[in-house]
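Sequences listed follow chains C and A, in order. In terms of UniProt numbering, the first sequence opens at residue 1 and continues consecutively. In terms of UniProt numbering, the second sequence opens at residue 1 and continues consecutively. Using N, Cα and C, we set each Cβ at its ideal position, and we do this for glycine too. Since this is a predicted model, take the numbers as computed values, not measurements. Here's the structure we're looking at; comments come further down.
Number of protein chains: 2
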Amino acid sequence: MRILKYAILGLLRKGELSGYDITNYFKEELGQFWSAKHSQIYPELKKLTDEGFIEFRTAIQGTRLEKKMYTLTESGEQELHAWLTKKDPIPETVKDEFMLKAYFISSLTQEEAVDLFTDQLLKRQLKLSDLQHSYNELIESLDQPISFSSPDFGHYLVLTKALEREKNYVTWLEDILAVMKNQQ
Amino acid sequence: MRILKYAILGLLRKGELSGYDITNYFKEELGQFWSAKHSQIYPELKKLTDEGFIEFRTAIQGTRLEKKMYTLTESGEQELHAWLTKKDPIPETVKDEFMLKAYFISSLTQEEAVDLFTDQLLKRQLKLSDLQHSYNELIESLDQPISFSSPDFGHYLVLTKALEREKNYVTWLEDILAVMKNQQ
DNA sequence: AAGTTCATGTAAGACGTTACATGATTTC
DNA sequence: GAAATCATGTAACGTCTTACATGAACTT
């Protein structure tokens, strides 16, 4: 698969970035759907350079601090485009440790289960509220209604998807808690 | 983390299973939220046995075929319960290759993007329909309305959650496709 | 008898996280 | 001057997938 490879090529599509910049992108909205640590990113940048998909120039930050600014090669652009247009099967499993626990709920008392689900609900509500805030900021920054050609369309896609995902989690948790609290 | 460890302990909570049985559970509804290949399961069973969380007896299938039937030890039950009641932070990243592509949508033409999203929509609709079918079967098999004490409550939880997840994906894809098809 | 399923294992390699390691720059 | 951030790398370890390997039992 080497999905990190494509994540890096994709991030470089708009211009040059350092490994540090790439690391930071994974801490922002993109991190909702993909991420990697710098210890994985730096070796991957080396590999992509060796393979000819990216290249770098050395820039100086301040007076002495060296950083490598990477850009896509033409071969890298082609590789990115081939991946972007490829239609993959949807994954059978999307791992979720909380849902694994939920499957084993028969090993908990009703009180323990309500406690676990209530904790999850609170955490999901908090995350939802953060995402709602980011979404509002994005919408307010637009001077036109969002459309395919908006420069922020990718940003809009990941934010709305993450938002819907969390809304859906919260609603499901609320519904299940209502069922669980019913007298048996 | 060693989540597979807990997945195995959890599956063994209701009685003895072979490694092969465990492999099959990951192909059913639980596989929506956790799975592992047999090549990962057999070594983990060995490790859990060495650690004293599970034990096995050798059973004979047919006349000669040996299989190992595993059960939880008391220590294993405690370990499972401790994990089940532990409240973890929610993960920052839930990886989704399609959403990674979505973030890079500015590198596609409108036609390519509509094509990619339409393909995803079709696949998600198909999966939704399968899940809806499994859900209907489960509901019809119940002789009482679902509740915390139903033996199938865990099954109900994973099925409803997977169903809502796919419904949510489909709705979002339809909404985005409508935006993308708008005249610029 | 052939094909599928049942059943268990190991080996190699890819992917991912935590920790180790270093040093410059900026902000308070 | 101290702390946080910028910046890049490696090492060790854990997780996960694909492939290799074998043989019994059941179904057609």
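Rounded Cβ spacing between residue i and residue j (contact assumed at less than 8 Å)
i      : j      : result
A:D88  : C:E97  : 7 Å
C:H81  : A:S107 : 7 Å
A:T23  : C:L116 : The pair is not a contact, with the Cβ atoms about 27 Å apart (cut-off 8 Å).
A:L100 : C:F26  : With a Cβ gap of about 11 Å, A:L100 and C:F26 do not count as contacting.
C:L159 : C:S134 : 6 Å
C:Y42  : C:G19  : 5 Å
C:E16  : C:T71  : 5 Å
C:I90  : A:K95  : Not a contact, Cβ separation roughly 13 Å.
A:L177 : A:T118 : 7 Å
A:V179 : C:I146 : 7 Å
C:N168 : A:N182 : Going by Cβ atoms, the distance from C:N168 to A:N182 rounds to 25 Å, so no, they are not a contact pair.
A:D152 : A:L138 : 7 Å
C:L157 : A:I105 : 6 Å
C:F53  : C:K68  : No, C:F53 and C:K68 are not in contact; Cβ-Cβ is about 15 Å, not under 8 Å.
A:L4   : A:A36  : 5 Å
A:V83  : C:K161 : The sequence shown places Trp at residue 83 of chain A, not Val. Not really, about 30 Å apart at Cβ, beyond 8 Å.
Chain-ordered neighbours of residue i on chain A, where CB pairs are closer than 8 Å
i     : result
C:L84 : K101, F104, S107, L108, E112, L116
Chain A contact residues for residue i, given Cβ-Cβ distances below 9 Å
i     : result
C:K87 : D115, L116, D119, Q120, K123
Beta-carbon neighbours of residue i, restricted to chain C and to distances below 7 Å
i     : result
A:K95 : F33, W34
One or two residues paired with residue i in a DSSP bridge
i      : result
C:T160 : Partner(s): none; C:T160 has no beta bridge.
C:M69  : C:R57
A:L17  : A:Y70
Within chain C, the residues that residue i reaches when beta carbons sit closer than 8 Å
i      : result
A:E174 : Per Cβ cutoff of 8 Å: no residues; A:E174 is ~12 Å from chain C at best.
A:V170 : Per Cβ cutoff of 8 Å: no residues; A:V170 is ~11 Å from chain C at best.
Heavy atom of the ligand FAD within 7 Å of residue i beta-carbon
i      : result
A:T171 : This structure lacks the ligand FAD, and indeed carries no ligand of any kind.
May I ask you to list, following chain order, the residues of the region 127–144 of chain A that have a beta carbon less than 8 Å from some beta carbon of chain C?
-> So the close ones are K127.
At a Cβ cut of 7 Å, what residues of the UniProt domain "Transcription regulator PadR N-terminal" (8–81) of chain C count as close to chain A, listed as they run along the chain?
-> Flagged, chain order: G10, R13, L30, G31, Q32, F33, W34, S35, L80, H81.
Along the chain, which unbroken stretches of the alpha helix (DSSP H) at least 4 residues long are found entirely within the region 25–62 of chain A?
-> Here the runs fully enclosed are 38–50.
In the region 153–165 of chain C, which residues sit with their C-beta less than 8 Å from some C-beta in chain A, listed in chain order?
-> Legend: CB atoms of the region 153–165 of chain C lying less than 8 Å from CB atoms of chain A belong to residues F153, G154, H155, L157, V158, T160, K161, E164, R165.
Counting only runs of 4+ residues fully inside the UniProt domain "Transcription regulator PadR C-terminal" (94–180) of chain C, write out the alpha helix (DSSP H) ranges in chain order.
-> Counting only unbroken stretches of 4 or more residues, the alpha helix (DSSP H) elements lying wholly within the UniProt domain "Transcription regulator PadR C-terminal" (94–180) of chain C are 97–103, 110–141, in sequence order.
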